[in-house]
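The structure under discussion appears below in the form of structure tokens.
Residue numbers (UniProt numbering): 1 to 263.
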């Protein structure tokens with residue numbers, strides 16, 4: 001039993017009516033930003049190995065708040081991996097704003113027909129937190145997602161990105177940050193446990209904190225510069241996040257050598 005989650009849930013229950021009305025107000029004030037439309041791309045390096053990345057998930061993976069995928073998360077991730085490995089990285093995005101882990105399993109995974117997928121990157125957690133998923137329900141939905149992916153790609157590395165930094169969302173009230181922000185941390189702890197039971201599945205468990213990223217990457221920026229609408233990342237945030245994610249992947253994922261001439 002997750003004692004910390006249970007205690008947090010007990011404290012949060014009286015706040016649910018407040019959350020409902022605050023949520024409606026936040027929903028009205030946040031602009032409806034589109035998803036990025038360039039769902040495929042490549043970062044090429046001549047005469048090197050090649051990798052195909054498929055990115056799956058919710059609005060962050062769909063590129064909401066970025067001008068394009070090429071200059072957002074997945075494009076920057078591909079550029080960074082391409083330079084660090086080095087390799088030619090092709091990428092393709094399957095993501096939808098508003099989707100939970102269960103939605104991704106039911107509606108996105110069946111549509112993926114790519115044959116040669118070398119890395120699968122997954123970004124989830126925001127919508128499951130907004131839907132007040134319990135850690136137990138989240139565990140089931142994530143395990144179902146991994147099992148469904150494994151039925152198509154038995155040995156492909158699966159990499160979960162960091163959980164969204166809900167406590168940093170500038171559009172959210174203190175109540176929202178407390179309830180939903182703490183819940184997403186619990187879901188992250190659960191995901192950390194889940195991946196240990198699956199071979200070749202990884203999770204970047206570092207909590208995203210923009211002050212930390214600014215200091216570590218020596219950026220001339222303020223925390224508010226990392227949001228496009230107070231909730232979704234700005235293009236700067238996508239790029240910084242992707243660079244941090246690339247470092248995690250290079251350190252943890254086994255990039256098996258693969259000749260570009262043989263693809």
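Note that the Cβ used here is the ideal one computed from N, Cα and C, for glycine as well.
Asked, Found
"Identify whether residue 233 lies in helix, strand or coil by the three-state DSSP scheme.", "strand"
"Where does the unbroken alpha helix (DSSP H) through residue 136 begin, and where does it stop?", "135-152"
"Across which residues does DSSP place residue 94 in a beta bridge pair?", "56"
"Quick one: what's residue 203 bridged to in DSSP?", "160"
"Let me know the secondary structure DSSP gives residue 252 once reduced to three states.", "helix"
"Which value, in whole angstroms, describes the spacing of the CA atoms of residue 254 and residue 157?", "8 angstroms"
"Are the beta-carbon atoms of residue 188 and residue 163 separated by less than 8 angstroms?", "yes"
"Since residue 95 and residue 55 are thought to touch, with beta carbons under 8 angstroms apart, how far apart are those beta carbons, to the nearest angstrom?", "7 angstroms"
"Relative to the ligand ZN, is the shortest distance from any of its heavy atoms to the C-beta of residue 134 smaller than 7 angstroms?", "The ligand ZN is absent from the structure shown, which contains no ligands of any kind."
"If you draw a straight line from the C-alpha of residue 58 to the C-alpha of residue 123, how long is it?", "6 angstroms"
"How is residue 121 classed by DSSP in three states: helix, strand or coil?", "strand"
"Name, in chain order, the residues that DSSP records as bridge partners for residue 88.", "50"
"Quick one: give me the first and last residue of the alpha helix (DSSP H) that residue 174 is part of.", "174-195"
"Quick check on the DSSP output: the alpha helix (DSSP H) that includes residue 126 runs from which residue to which?", "126-130"
"Please work out which residues of its chain come closer than 7 angstroms, Cβ to Cβ, to residue 261, disregarding the five sequence neighbours upstream and downstream, and give them in chain order.", "At residue 261 the pLDDT is 37, less than 50, meaning the model places this residue with poor confidence and gives no usable figure here."
"Could you have a look at residue 226 and say whether DSSP puts it in helix, strand or coil?", "helix"
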